[in-house]
Structure formats: C-alpha cells, structure tokens
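Step one of this worksheet: look at the structure below.
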Amino acid sequence: MVKRLKRLKRQSIKVYCRLKPLKKNDISVEYEIINDEVSGIDVLDLKHESSKNNHNNKYQFHGVFEENISQSLIFDNVAVPILNKFLSGMNGTIFTYGQTSSGKTHTMYGSKEDQGIIPRTFEYLFKDAKDHAKYNYKLQYIEIYNEKVYDLLAVQKSGNNVQFRIGKNGDIEYINLNEVSISNFNDALKHIKSGNLKKNISSTSMNNQSSRSHCICIIKLNVKRGTSKKLNLVDLAGSERISKFENNEKTVIESRYINTSLHYLNHVINVLANPKTHVPYRNSTITSVLKGSLGTKCATAMIATVVLNQKCIGESMSTCRFSKAVSAMKQFSKTKFPSKSLSLKNKMKRLEIQKLTWEKENEIQK
C-alpha cells in the first residue's frame, strides 16, 4: 500500500503502478512489493516462473497502488502535484499505459459514483472560484483513431477529422480543432460526456467495451496577462497481442494501428534515455501530439495499469518494462544541483505531504 508520495532521483516523469483487482476465478501471479526506505521508492518484484532465472523482474516505481487503493488517494498522490505545477505556470501531462481491460479508462474517467482523474481534475480546478477568478480555462477533446486525429467536441459525429502541423517551436498546432470555454465543473463534465459518445468503441475478446483510440482531454489555462499553459489528460488505447482477438478484420486493423503507435511511443521513450540521439517524434501521431509532454518544460506523471493474472503475465511484464524505460529518461540534464537550504525545504515539504497522505489513508480505513 502506498503510504506517501515517492520520488526517483533526477526524474521529471513520475511513474506509478496500479494493480487491478482480480476476478473470482483468476489465478494471481506471485509478487512482492518492496519499499526501499533509503531511496523512497516501491519495487514490484514479479515471481512468475518465466522470470525465475531473470534478475530483471524487479521494477521500480514512485508508488505501487495495490488493489484496494481508492480513486481519491490515487488522485491526491499522482494528479494533485501535477495540477499545482500547472496552476503555477507549467505545462502538465498525466497518462495511463497498459493492456486492454487493465483499468486505464477506470483510472482516468471512473464512474458517476467513483470518479477518476479527469472529473476530479475539473472539480479541483473549480473548487474555489474566488481563488481562480484570474484564470480562464478552455477545453479541447480529441481521439487518435487509426493514426488520424478526430475532434470529440465537433457537432457532427462524422467528418470531424482534425488537421495539424508541427510549429516553428516544435510543438503541435491544430488547424481546425474546436475549443470551448469552461467556467465550472458541470459545464466541463457535460462536454466530456458528449465527446465520449463519439469515441470509437469495439468489442474484443478481452473487453466488451474497449476503446480503440487514444483519447486526450486538453485543458488550456489562460492567465489575464496573456500566459497560456496546457494540461493533457491522456487515456492511451490498450496494448494487446493480436492473436488474442477474435477473427474480426476491423478489430485486427485497429489493434495493428494501436500496437504500431505504442511501438513508436516506446521507441521515442527509449531514445530519450540517450539525449544525444535524434528523437523520431514524427513517426507516429501519438508521439507528435505528446512531444511537448515528454520534453523538459512539462510536469508529467504516468500510471502503469497492471493485471497480475497468470493468463496475461506477458502483457503485464511488457507494461513494467515500458515503465522502466520511462523512468530511465533524463530530462533535466542541465538543471543545477539544489543548495543545501533548498534541499532541506524540499524535505520539509515532503514530510508535510506524507503526513497529510497518512491522515487521509487512516480516514479511509476507518
């Protein structure tokens, strides 16, 4: 169980793991969660028979959320730090990664009774209108389906293909994408629900209602002085072996596009671990869109959703390996070392956050 915020040294992207509860007849993989008190990280040690002789089956995360951890605690640990940086003038991104039916969409959207990160984000942004009166929020909502970008806020369900280009500063620029102003929680949620009706959903052998596209909720923050920052909330489509799908041509084509785009995302992540190499962002639409989220000027958090069921241990280990690659990225190579006084202040802040997290956890357990 996560008892506090965890931090890997010299990393910009915070990488977390969420374990999905197993179904009644599922057979669990043997595993252990080890907390390293010195470095302050969680280690997920998979003890599956296929990795008994493999010393690389231990994966480090800033936090491992076990099956019983609430949506609220995940939001507080993962999203709130990113949102605070976003409100202070920094671009932010939160994204989920994992196989189909591993809990990505539940983590990002949740349900009416148990809301996920996206609705809780709107609630957080609008919780005190007086404090945020100087802020002006705008919303964009897109999906990337078969390498094309579609506008989920478009009035018509069809013909909403979005054109984009790479600007002079290297960031993506959408040419014909709708943008709406949002001023309260209900207004924002109304647009999200409307956009969800336009998503490409298919039934697969792993999930009756599987999203076949990458979906990105984009929140723009415009301050009165003209400063504009962007927050990306990303629900990536699920990775999965094509052989596990039923014999459906449309679904197979969709899965090939998904797997190809995730392959290029994986490739970009691995290249970023070696900054001297050219980064091939333009190989895929998703990497072009997320380029700014993987750069040095963005606060980013990733949640790897993992199912420790013996039937899908291969996919789970693949997700963990991707997480390991993300953790290996060196984004702040030019950052100066902090002074001793600054380090002390950071430690004090961390202790305050730990105390609040423990108190909240105790309230949940009561």
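Quick note on numbering: the UniProt record's numbering labels position 331 of the sequence shown as 331, and the sequence is numbered without any gaps.
Think of the CB as a built atom: it goes at the ideal place given N, C-alpha and C, for glycine as much as any other residue.
From the DSSP output, in three-state form, read off residue i for me.
i	result
R165	strand
R18	strand
I13	coil
H62	coil
I33	strand
N91	strand
Y264	helix
L46	strand
Y109	coil
K334	Residue confidence for K334 is low, a pLDDT of 35 falling below 50, so the modelled location carries little weight; the figure read from the coordinates is stated next. Here K334 sits in coil by DSSP.
D187	helix
I69	coil
I27	coil
S255	helix
S293	helix
V180	strand
S339	Bear in mind that the predicted position of S339 carries a pLDDT of just 38, short of 50, making it too unreliable to give a figure here.
F245	Confidence in F245 is poor, its pLDDT being 46 and thus under 50, which makes the residue's placement too unreliable to answer from.
Check whether the Cβ atoms of residue i and residue j lie closer than 8 Å to each other.
i	j	result
D151	I142	yes
E107	L83	Contrary to the premise, residue 107 reads as Thr rather than Glu in this sequence. Not a contact, by the Cβ cut-off of 8 Å.
R18	F65	yes
I269	V306	no
S288	L265	no
F75	M302	no
E67	K14	no
Y59	V43	yes
residue 380	K230	Outside the displayed span of the chain (1 to 366) sits residue 380, for which this structure offers no information.
L221	V180	no
Y137	I182	yes
residue 372	I166	This structure does not reach residue 372, given that the chain is present from 1 up to 366, and the question cannot be answered.
Y124	A304	no
L16	H48	Checking the sequence shown, residue 16 turns out to be Tyr, not Leu. The answer is no: Cβ separation not under 8 Å.
G116	Y109	yes
L73	P119	no
E113	S261	no
So, under 8 Å CB-CB, residue i and residue j are touching, yes? Tell me the CB distance rounded to an integer number of Å.
i	j	result
N91	C298	4 Å
H214	L236	5 Å
L153	N178	4 Å
N57	L46	5 Å
S28	N248	Rounded, the Cβ-Cβ distance is 30 Å, inconsistent with contact.
Q99	G238	5 Å
T105	T300	Going by Cβ atoms, the distance from T105 to T300 rounds to 19 Å, so no, they are not a contact pair.
F185	F126	5 Å
M317	A273	Not a contact, Cβ separation roughly 19 Å.
H267	P280	7 Å
Tell me residue i's beta-bridge partners as DSSP assigns them.
i	result
C215	E143, D235
N160	DSSP output for N160 lists no bridge partner at all.
A301	K14, I94
S318	Per DSSP, none; premise fails for S318.
V306	L19
E173	R165
N136	N222
S228	N222
Y150	E143, N161
I41	D36
Decide if residue i is buried, meaning its Cβ has at least 16 other Cβ atoms within 10 Å, or exposed.
i	result
H278	exposed
S211	buried
N161	exposed
S333	With a pLDDT of only 32 at S333, under 50, the local geometry of the prediction cannot be trusted, and no value is derived from it.
S70	exposed
A79	buried
E254	buried
G195	buried
V149	buried
L290	buried
L342	Low per-residue confidence applies at L342: pLDDT is 40, beneath 50, and the placement is therefore not dependable, though the value from the model is reported in the following sentence. By the 10 Å Cβ count, L342 comes out exposed.
S228	exposed
E315	buried
S39	exposed
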